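Okay, structure first, notes after.
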Amino acid sequence: MLIIFLKSLRRLGGPFFLVATVAYGLQDAVHTELVILLYVYASLGLAIYVPMILTDQVSLAYAAYAGIGGYSVAILSSRSLEALWGVLLGMFLAGLTACLVALATRKLSGYFLAVGTLLVAVAFGRFLLQQPDLTGGADGLTFRREILNIPLSRTALLVAGAAMIWGIAVLVQNLERSDVGRGLFLMGGSRPAAESIGLNTARFRILSLVLGASIASLAGSLLAFSRGLVLPDSFHLELAFLILFIPLLGGKQTPWGCLVGAAVLVYVLEIARSFGPGKLLYGLGVLACVLVIPEGISGRLRIFLSAIEQWACRGSPESVLVSSEGANLSSGRKALPEGDFERGVEQRIEKGRHHPLGPANEIAAPLIVRNINKTYGGVRALQDISFDLLKTEILGIVGPNGAGKTTLIDVLTGIQNADSGRIVLGGQVLEGAASKRALAGLARTFQHPQLSMELTVGENVGLGLLRLRTPRSWAGMTLLLIRSMLSFAGIRKPRKEELAIKEIGQRVGLQNPEEKMINASFGTEKLAEIGRALISKPSVLLMDEPFAGLGKTEIDRVINAVERWRLHALGVIIVDHNIDLMSKICDRLLVLDSGIAIACGPPNEVLAEPHVQKAYFGGD
Amino acid sequence: MKKSLFCSVVFALLIPNCLMAAEPIRLGILYDASGGASDYSRYNLMNAGLAVDEINAAGGVLGRPIELLKEDDGNDPNVSPLRTRTLVKRGCVGLILGSGSASVLQARVVAEEEKVPAFATTLNDKVSQPPNNSYTFQTNNSATQQLNVLVSGIKSRVNRIAIFTDTSPTGAGLAALYKKALENAGVEVVATEAVDVGATDATAQVARLRDKWKVKAVLISGQAPQEQALFVRTVLEMGWKVPLFQDVTAVSPSYRKLLGPKALEQLYYLEPIHPDNALAQKWIRKFREKYPNEPVLTTMGNVWNAVYLFKRAVEVVKGTDGPALKGAIENICGMKSHFGPPASTVCCSKDNHLCADPNGVFIAQFKDGRSVPAPK
Amino acid sequence: MSELIIPILVTGSITALISLSFQLILRATGGIFDFALGQYAILAGMGAAFLSTHSSLPLAPVIFLSLLLSTIAALASETGAIGPLTRIYRNAGAFGPVLGTVALLWFWEQTARLLFGDRPLIGDPFWKEARFSLGSVRLSGHQLTIILSTLLIFLAAHVWLEYSRSGRLLRAVGDNWHASEILGLNIRKARTLAFLAAGMIAGLTGVLAVPLAGLSPLMGVAFLTNGFVALFLGGAGRTSGPAVGAFLLAAVSILVSRYLGVAWKDYLVLLLALLIFAVRPQGIIAPIRKRPG
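In structure tokens form, the structure reads like this:
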């Protein structure tokens, strides 16, 4: 019973709290006023939640976006036009403004976005004062509070506000739980990792800012409706700072936390008037959250509830069945049905092509690299590098420190652009952003695994499937976001995907896909990354120092994983220091020294060459 | 009934104790303790308190004391409606809106919804105008009223003038407003000179006005006192004995500190307090008694008017019903005013919620350490 | 037109000093912008104004105490917030540090409000009685003080960074943060020095600026945006970058305000900033040179 209660509290805590606020607000006019203010803050918090929590961007323009929403409603209403058009117009204008700022700062670190949005807020405030014919200037605009010619009562506004919060929270929650949402979380933790599964991070960041701005505009419209009056001071810069911290106080784990955070804010501001430095304490609280409790108050609450749940569950026989949202799992292992991959491989092996290096003209090179040059500030990091990668081949790239291996990986994957040269994968020229190359079939793993710690091992592997469905166009991405917000399907994964994850897990050697990533060993992390890279059946897998930091058993696991995969029409490039290991598992080695490829061929031949030995061990 | 009968019998002997026993009539004041409007807003609070004390010492209203309740909105218009509603919830049947003008504009919406009469002490023009004004009464002279007095004061003395302002949007806007009004009144505006906000030197502007435009009078305006003070000090330094006209900024004690006493003597400014207005002199005396270390802000007379308007309305209605009070206030005309020349009165009507006497401010000069009406 | 020269120089000087402080911290922390810098300036400036009106202390102790206030604030921020942030988050431009410095901005703004109130405080100009003229250009003693101080501080900063050991340490750390870690350079010391210097420079900026039009706690944002934009207009790569950017920005702002109105100044600064960010964020004049990592 306790378990069920706790589970439902975790799942329904948010909506329950919302209903409680409605009840609180219905008591009298003061309470209604307070709760409507709470809803405005909460919806602004939700607006910030999308870009801030999902994609780690700090924007200070939210008061301005709210102002756009409020003023659009006021301007249209005061000219006897329907207020609802104002709501839509506000959302459009706010989104457009957010888009422009985001485009301008897309390649820069978070500070530039923060300052850019700050300037927007200042300019907007100035605009409101400077165009009194349009905006009423310092005295603002008054208008009649009606929608579709029906006057709005305070109670109606209260209920409408609550409904709005519910709607937005549910939409954002759906997004969060969807694959795209998880991809966005990954993006927040590591942009290269997200790019490697095909997410165009630059565009998604922009889209998330636009989404947030539209929601903020809705909040501003609510405020305008509740007052019947908009003033420049209603949307001042201080508001932008106050609301910035709402999702943080409320917690990163769930958008419903914004309601909690807004409640804290309103409570602090109410108490503060008799207490004094409420806003100061608020600032301290925020610093504490950033430094000490990153998961925020509602996050802590959830952890607390989980702990209670664990404790309550420990003796129960059903405990094995209880697991994180998502997969059902019965204990015990079962032989899994063969997948399509297996069938194809069997066929190929039967044709007798199981030696990885068949005659060159029968197995086409999936990756052709020609004349790559890269110079940094006077240093030629890569000089005229050329090589081919054959299908089912494992090519090792080795060389002493500073040889240019990392640069080569960056150039291949698209993190940096080569000064000159060409890379062709499967007949297609590889250029542009890393995500584009990922979509073309280039997968990779990282030296330090870049995974989502909040998910399980299996869920991390499943993220790789995004590569197969991420759209490339702006329109496609926008539609994907909208669809994700509207679908409740994120909670249960489709059966087919479940199977794919299990298969890959088995092949790669992951014993327990249900394990939380945060508890997994380093070796498991590396395997999970490999799984993520392979689940979408890429053409080339690029591994960056896969053996670094691993013990012997784990190295064996990785080697087995790679060996099992080489048969499946995949080319593998491994970059590592460990010559012994590399000479054992690689079919060919490419040796770099000071940016030049000094040798390429089977390991035993290459390592016998005198200039290779000189590069590694110094003069004779 | 019995209680009030008892009270009126022992009225002369036991006034304060009597009033303690009666149910108070609550008057709420919305003010700003620490925000951008707190400069003058706290004086609103102080003077409202003094007025209430005076009324209570004289027996209260209908034998009941007035209790002044206060709420601080920090000049934040997002918070003003909440505070105003709180005042109503705490039982206030009358409101004084003494915070910044943006807050007052928000708060008056609540007054209308809750049907509680409110008195606005700001000079913002829109406060007493529709929409949302049906329960709000403005007791201070509006900006337009003050402009009119200043313009006619200038017109009666010179026929050409220059304007000095700053380059901020408010400053530029004010200058444009003045220019239009002056020209409509038949005064030629020869030039407008401006300094940037934060400027530390105005010599060039003064020199041009004196030597190039050769004006015989200058109207000083701007968004903040600093630049205006700079101009006046520069004129004094350069030894130019030209009459300088200014609005009610000139009565602010902090502005006067920036100028120094010598500079004040060249000013012709709008002043609400007349030496012959007995009510005005009385409240100033009371203020000085209670707050000897605070400077007197002479624009505060309107707060006293507000409190007395409220008292009069309650007496007329013999109760505290909101709509009845509103109706009563709209019929009050001819009540003596706590500011302006001796004949100034407070007059409200159904169509005019701007209750201040249009001649409540007048042109004054600074002589012998105080403001006196300037000779025509 | 000629009467705009001095306002441009004065406004440019103030912005240049703040911009320089930004640059110092940027270098010492490997990419963090302390958004609260403007607030250190305000603390010192309002402190100076407060002390000179409410106490009978002479000028030198007033300045000393004000600078002490801003420097303490800067060092407290470093110890309590920015230092930990650099340890928790590897990437200086990550969400955590950005949000952390915004929180710092808010915190110090509220502290200033608590200490000094909301209303602007105005200070006494330096060298009040002096008047100078150079041809048709006239300036007051205070304006000259501002311009000269800025020149001196930039000179001192340049000498310190180029020739002194601690200055070179700071530059080394700034040029290649990760290499410095590997080489075992005393990053902690570099950071503390940078914050000390930045706190003092920002404080001095506030003290110099407060007699101009007064300072209130809400004006920190203007310091921040101007300092930031100036830094990238002029280029964060060289010590002279902030100065060049600041004077350019001041010239543009003041010319636009005078001829088109103050509103256009705000719109223009926004457009200019977005343009710089989109097109050449390394800086227009003295770009930051990227080294292979």
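These protein sequence lines map, in sequence, to chains H, Z and C.
The first sequence begins at 1 in my numbering and counts up one residue at a time.
The second sequence begins at 621 in my numbering and counts up one residue at a time.
The third sequence begins at 997 in my numbering and counts up one residue at a time.
Ideal Cβ positions, reconstructed from N, Cα and C, are used throughout, including at glycine.
Just so we're clear, the structure is a prediction, and the values are computed from it rather than from any experiment.
Does any CB atom of chain C fall closer than 8 angstroms to the CB of residue i?
i	result
Val817 (chain Z)	yes
Ala327 (chain H)	Confidence at Ala327 (chain H) is low in this model, with a pLDDT of 31, below 50, so its placement is unreliable and no value can be given for it.
Val369 (chain H)	no
Asp941 (chain Z)	no
Taking the beta carbon of residue i as the centre, do at least 16 other beta carbons fall within 10 Å, making it buried, or is it exposed?
i	result
Thr704 (chain Z)	buried
Ser331 (chain H)	Low confidence applies here, because Ser331 (chain H) scores a pLDDT of 29, under 50, leaving its location unreliable; read the following figure in that light. Burial call: exposed.
Thr706 (chain Z)	buried
Lys502 (chain H)	buried
Arg908 (chain Z)	exposed
Pro337 (chain H)	Residue placement at Pro337 (chain H) is flagged as unreliable, the pLDDT there being 33, under the threshold of 50; a coordinate-derived value is accordingly withheld.
Ala933 (chain Z)	buried
Ala1294 (chain C)	There is simply no residue 1294 (chain C) to check, as chain C begins at 997 and stops at 1289 in what is shown.
Would residue i count as contacting chain Z if we go by Cβ distances under 8 angstroms?
i	result
Thr142 (chain H)	yes
Asp1262 (chain C)	no
Leu281 (chain H)	no
Ala1209 (chain C)	yes
Gly228 (chain H)	yes
Any Cβ of chain H within less than 8 angstroms of the Cβ of residue i?
i	result
Leu1192 (chain C)	no
Phe1060 (chain C)	no
Ala1032 (chain C)	no
Leu1157 (chain C)	no
Ala1126 (chain C)	no
Val729 (chain Z)	yes
Lys931 (chain Z)	no
Pro650 (chain Z)	Rather than Pro, the amino acid found at residue 650 (chain Z) in this sequence is Leu. Answer no: the Cβ-Cβ gap between Leu650 (chain Z) and chain H never drops below 8 angstroms.
Which residues in chain Z sit within 8 angstroms of residue i, going by Cβ to Cβ distance?
i	result
Asp28 (chain H)	Lys709
If I measure Cβ to Cβ from residue i and keep anything under 8 angstroms in the same chain, skipping five residues before and after, which residues do I get?
i	result
Leu395 (chain H)	Phe387, Leu389, Gly571, Val572, Ile573, Ile574, Cys586, Asp587, Arg588, Leu589 and Leu590
Among residues of its own chain, excluding the 5 on either side of residue i, which ones have a beta-carbon nearer than 7 angstroms to its beta-carbon?
i	result
Leu468 (chain H)	Ser536
Gly426 (chain H)	Pro366, Gly441 and Ser539
Ser214 (chain H)	Met91, Ala94 and Gly95
Ala381 (chain H)	Lys374, Thr375, Gly404, Thr407 and Gly595
Pro356 (chain H)	For Pro356 (chain H), the pLDDT reaches just 38, beneath the cut-off of 50, and the residue's location in the model is therefore unreliable, leaving the point undetermined.
Mind checking which residues open and close the alpha helix (DSSP H) that includes residue i?
i	result
Glu643 (chain Z)	It is not in any alpha helix (DSSP H) - Glu643 (chain Z) carries neither H nor E in the DSSP assignment.
Ile904 (chain Z)	Ala898 to Lys910
Glu393 (chain H)	Counting along the chain, Glu393 (chain H) falls outside any alpha helix (DSSP H), and DSSP gives it neither H nor E.
Where do the ends of the beta strand (DSSP E) carrying residue i lie?
i	result
Tyr889 (chain Z)	Leu887 to Glu891
Pro881 (chain Z)	Careful: Pro881 (chain Z) lies outside any beta strand (DSSP E), inside the alpha helix (DSSP H) at Pro881 to Leu884.
Ile372 (chain H)	Leu367 to Tyr376
Lys692 (chain Z)	The sequence as given places Asp at residue 692 (chain Z); Lys does not occur at that position. That run of the beta strand (DSSP E) goes Ile686 to Asp692.
Name the chain H residues whose beta carbon is nearer than 7 angstroms to that of residue i?
i	result
Thr706 (chain Z)	Val30
Give me the chain B residues within the contact set of residue i, using Cβ-Cβ distance strictly less than 7 angstroms, ordered along the chain.
i	result
Ala824 (chain Z)	The chain labelled as chain B is not found among the protein chains of the depicted structure, namely H, Z and C.
Applying a beta-carbon distance threshold of less than 7 angstroms, which residues of chain C neighbour residue i?
i	result
Tyr111 (chain H)	Phe1029, Gly1089 and Val1094
Could you pull out every residue in the same chain whose Cβ sits closer than 6 angstroms to the Cβ of residue i, ignoring the five residues on either side in sequence?
i	result
Leu141 (chain H)	Ala74, Ser78 and Val230
Ala870 (chain Z)	Leu887 and Tyr889
Gly161 (chain H)	Ile36, Tyr39 and Leu222
Could you tell me whether any non-hydrogen atom of the ligand COA is closer than 7 angstroms to the CB of residue i?
i	result
Leu707 (chain Z)	The ligand COA is not part of the structure shown, which contains no ligands of any sort.
Whose Cβ in chain Z lies nearer than 7 angstroms to the Cβ of residue i?
i	result
Ile1118 (chain C)	Gln846
Leu34 (chain H)	Leu702
Note down, in chain order, every chain H residue with its Cβ under 9 angstroms from the Cβ of residue i.
i	result
Ala722 (chain Z)	Ala138, Asp139, Gly140, Leu231, Pro232, Asp233 and Ser234
Note down, in chain order, every chain H residue with its Cβ under 8 angstroms from the Cβ of residue i.
i	result
Leu864 (chain Z)	Result: empty, since nearest Cβ-Cβ is about 27 angstroms, beyond 8 angstroms.
Quick one: list the residues of chain C neighbouring residue i, beta-carbon separation under 8 angstroms, in chain order.
i	result
Leu412 (chain H)	Under the 8 angstroms cutoff, chain C gives no residues; its nearest Cβ is about 16 angstroms from Leu412 (chain H).
Ser1006 (chain Z)	Nothing can be reported for residue 1006 (chain Z), as the shown portion of chain Z is limited to 621 through 996.
Name the chain C residues that come within less than 9 angstroms of residue i, Cβ to Cβ?
i	result
Thr787 (chain Z)	Ser1253, Arg1254, Gly1257 and Val1258
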